[in-house]
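Counted from 1, the sequence shown has number 303 at position 45 by the working numbering; the numbering is strictly sequential.
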Amino acid sequence: MSPRLVTTILKKDFSLGPRSAVFLWALVLPLAITLILQVAFGSLFQPKPRLGVVDEGGSQVARDVRAMEGIRVREYEDAEALRAAVEANDVDAGIVLPRGFDEAVKAGERPELTFWISGESYASNRIVLAVTTIDLLRALEGKEPPVEVRVQSIGEAGLPISVRLVPVIVFYALVMAGLFVPGSSLVEEKEQGTLKALLVTPARTADVLLAKWLLGIVLASVMSVVTLVLNSALGSNWPEVLVVVFVAAMLSSALGVVIGAFAPDSQTMFGIVKGSGILLFAPVAFYVFPDWPQWIAKLFPLYWIIEPIWRVAVLGGHLSEVLTELAVALGITAALGVLAWSLGKRMQVQVAAR
């Protein structure tokens, strides 16, 4: 095994990689999934109440509601524009504060307050906006609310769905960059005859396999870190996060090399990945549905790399908490390395026979 030859093959793979659709797809897919899941689904599962306001006289109610963090406020020039926005469900509710409204309330009068509610809004948002408006009016009038609401959480606080989706996105980064890229690169070398040309040079099968493994490690590590950054999951303990990401990239890339060494062509390789897709994806589902029995996830190989990323990157834990998982992941990687070596010898015989 020659480090110089491994480096040469690795440089060649990086220089020619952008010509491959799989290589480019590995770079684009995690970013696209982040956009879809975090922007679209994140806002869907965590909607904030949206209140439209027409403030004709600089009301204190409008100033107070703007200062609230949990409510999105949009201002409109007139009542007709606000009414149209409520009908279109651009806002959950709308209030019109006429000129002199505050003075009338403080004087004990009963001024008319227009409060529209969108028929398509969430019931929870309607309640929040209605109660908030009533409390602000009572404060304006100088009266105390009839009750004091005290919110007390019981049990462990649940994580938002947008946070629980982070392992899903990182999983795709690891599989696409760590598994597909080295696997497909090795298969393409077979199909195009460049692998046979490589093996008649001083390069050996071990040099080729190691270069493909390093290719997957670099790409999977980079794309996983980029994914974590985009999802705000690379916290202050980022050196420890890099360690677990690197171990995860080692395992996923080793799996890609094994599949690439075994598959004689692209069709067989994609068939293997599709057929084993449930085994690959299964552990990720347990983070989206935490009520499922978690011990089942441990039966799948990729659990041992997703769990450290979840606990260290997403939950902010430390390496000391995931030493067992990392040890198992390294053991699986070593076993895959032995299997890749064995398959590499068979692959060399098959290539020479062509």
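Just so it is clear, CB atoms sit at the ideal spot from N, CA and C, and this is done for glycine as well.
On a predicted model such as this, the values are computed, not experimentally measured, just so you know.
query: When DSSP labels each residue in this structure, what does L500 get in the three-state scheme?; result: helix
query: Hey, V586 and L577: beta-carbon distance below 8 Å or not?; result: no
query: Which whole-angstrom value describes the C-beta separation of D271 and A469, a residue pair presumed to lie in contact below a C-beta threshold of 8 Å?; result: 7 Å
query: Go to R277, then tell me how far its alpha helix (DSSP H) extends in each direction, as first and last residue.; result: Per DSSP, R277 belongs to no alpha helix (DSSP H) and is neither H nor E.
query: Should D549 go down as buried or exposed, given a rule of 16 or more other Cβ atoms within 10 Å for buried?; result: exposed
query: Are three or more beta carbon pairs between the stretch 381 to 394 and the stretch 318 to 326 nearer than 8 Å?; result: yes
query: Using three-state DSSP, classify I554 as helix, strand or coil.; result: helix
query: Does DSSP put E333 in a helix, in a strand, or in coil?; result: strand
query: So G451 and G518 are in contact, right, with Cβ under 8 Å, and what is the actual spacing, rounded?; result: Not quite, the Cβ-Cβ distance comes to about 16 Å (not below 8 Å), so this is no contact.
query: So, at 7 Å on beta carbons, what are the nonlocal neighbours of L394 in its own chain, with the 5 sequence-adjacent residues on each side left out?; result: V319, D322, V323
query: For F539, which residues of its own chain have a beta-carbon under 6 Å away from its beta-carbon, when the five flanking residues on both sides are left out?; result: none
query: By the DSSP assignment, the beta strand (DSSP E) with T372 in it spans what residues?; result: 372 to 375
query: In this structure, how does DSSP classify A506 when only helix, strand and coil are distinguished?; result: helix
query: Quick one, are the C-beta atoms of A506 and L398 less than 8 Å apart?; result: no
query: If you follow the beta strand (DSSP E) that G310 is in, where does it begin and where does it stop?; result: 308 to 313
query: Would you check if the stretch 491 to 501 and the stretch 544 to 560 touch, i.e. whether three or more CB-CB distances between them fall below 8 Å?; result: no
query: Between the C-alpha atoms of L457 and I554, what's the straight-line distance to the nearest angstrom?; result: 43 Å
query: Helix, strand or coil for V349, going by three-state DSSP, please let me know.; result: coil
query: How is the alpha helix (DSSP H) around A571 delimited, first residue to last?; result: First-last for A571: undefined, no H or E at that position.
query: Taking just the CA atoms, how far does R357 sit from T292?; result: 46 Å
query: Any idea what DSSP makes of V354, helix, strand or coil?; result: strand
query: Specify, as a first and last residue, the run of the alpha helix (DSSP H) that I536 falls within.; result: 535 to 546
query: What separation, rounded to the nearest whole angstrom, lies between the Cα atoms of L473 and T582?; result: 26 Å
query: Report buried or exposed for E447, applying the criterion of at least 16 other Cβ atoms within 10 angstroms of its Cβ.; result: buried
query: Among T265, R262, L285, R277, whose alpha-carbon lies nearest the alpha-carbon of V483?; result: L285
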